[in-house]
Amino acid sequence: MRNTTDKKRGAIVCAAVGIGFFVVMLAVLLFSLVADAYADWVAWAVLLIYGVIILAIILGIAAALRQRLRELESGEEEDAKKY
């Protein structure tokens, strides 16, 4: 049986990969906004909305990681195995 350290490491690695992926997407999106600063305002607004959505996803992943680490620290998973 794995101990909680392995489970924490797995949760952190998974969250880091997900956040890293979305940070790269956000960087590419922001680069395109800066590069085309004088482009059509509708396209700029759509890209800005996409950026906000990606930022919300990043924050959701971070919140899920925080909740998972709390569950592992409290031993909730071990209690559930009894039933």
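So for the sequence shown, our numbering puts the first residue at 986; every next one is plus one. Glycine residues also receive a C-beta, built at the ideal position from the N, C-alpha and C atoms. In this text the structure is predicted, and so the values were computed from the model without any measurement.
Open item on the list: So for G1036, helix, strand or coil by DSSP?
Closed with: Taken through DSSP and simplified to helix, strand or coil, G1036 comes out as helix.
Task: I997 burial status per 10 Å Cβ neighbour count (16 or more: buried) - done: With fewer than 16 other Cβ atoms from the protein chains shown falling within 10 Å of its own Cβ, I997 counts as exposed.
TODO: Return yes when the Cβ of L1032 is within less than 8 Å of the Cβ of L1014, no when it is not.
DONE: A contact, by the Cβ cut-off of 8 Å.
Task: Counted within 10 angstroms of its Cβ, other Cβ atoms place A1000 as buried (16 or more) or exposed - done: Buried, because 16 or more other Cβ atoms sit within 10 Å of the Cβ of A1000.
Task: Cα-Cα separation between G995 and V1002, rounded to whole angstroms - done: Each residue's Cα considered, the two are about 11 Å apart.
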